[in-house]
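Numbering-wise (the UniProt record's numbering), the sequence shown opens with residue 1 and increments by one. Idealized CB from N, CA, C, for every residue including glycine.
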Amino acid sequence: MNTALALTITLVCAIYAPISLAEQPRPDHFKGQQAATLSEAVELFRNSNVTLQKLIAGELTPAVMVEIHQLTYTLENALEKIHSETTLLKDVLEEVHLGSEHMDFAKVEHQAKRYLETATTLIK
């Protein structure tokens, strides 16, 4: 009898615990800094990572956690822009690849210049 009661209580707690956790208030959400260009995204990414590194090197207080939370929005925005731009970059590189297979000199020259223009932004 006691085992059945204990199992019932455990089951009820397991069912309702996630509901209780879901009702906890979440911190306010922020937009973060936006990047209009790949160059801006790389700069935001670089600077935000330096800031994050400094923040975690110190004591993690509630105020620091709020700063980190806000910073992650900027990092996510930067990564999203970098991802979209590098997806396009991959397509341009594929054009260079295909052009080189077919000995299409004009295509390779044109697409390689486009590729390098964007690629150098990533490695500056």
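Under the three-state reduction of DSSP, which class applies to residue i: helix, strand or coil?
| i | result |
| --- | --- |
| residue 54 | helix |
| residue 37 | coil |
| residue 99 | helix |
| residue 61 | coil |
| residue 91 | helix |
| residue 29 | coil |
| residue 113 | helix |
| residue 81 | helix |
Taking just the CA atoms, how far does residue j sit from residue i?
| i | j | result |
| --- | --- | --- |
| residue 73 | residue 103 | 45 Å |
| residue 84 | residue 41 | 11 Å |
| residue 59 | residue 96 | 49 Å |
| residue 76 | residue 48 | 10 Å |
| residue 108 | residue 67 | 46 Å |
| residue 45 | residue 110 | 29 Å |
Just to confirm, are residue i and residue j a CB contact at a threshold of 9 Å?
| i | j | result |
| --- | --- | --- |
| residue 112 | residue 78 | no |
| residue 125 | residue 71 | The shown model of the chain, from 1 to 124, leaves out residue 125, and the question about it has no answer. |
Between residue i and residue j, how many whole angstroms is the CB-CB distance? I'm expecting something under 8 Å.
| i | j | result |
| --- | --- | --- |
| residue 93 | residue 115 | 5 Å |
| residue 38 | residue 118 | 6 Å |
Is the closest heavy atom of the ligand ATP to the C-beta of residue i under 8 Å?
| i | result |
| --- | --- |
| residue 39 | Within the structure as shown, the ligand ATP is missing, as the structure has no ligands at all. |
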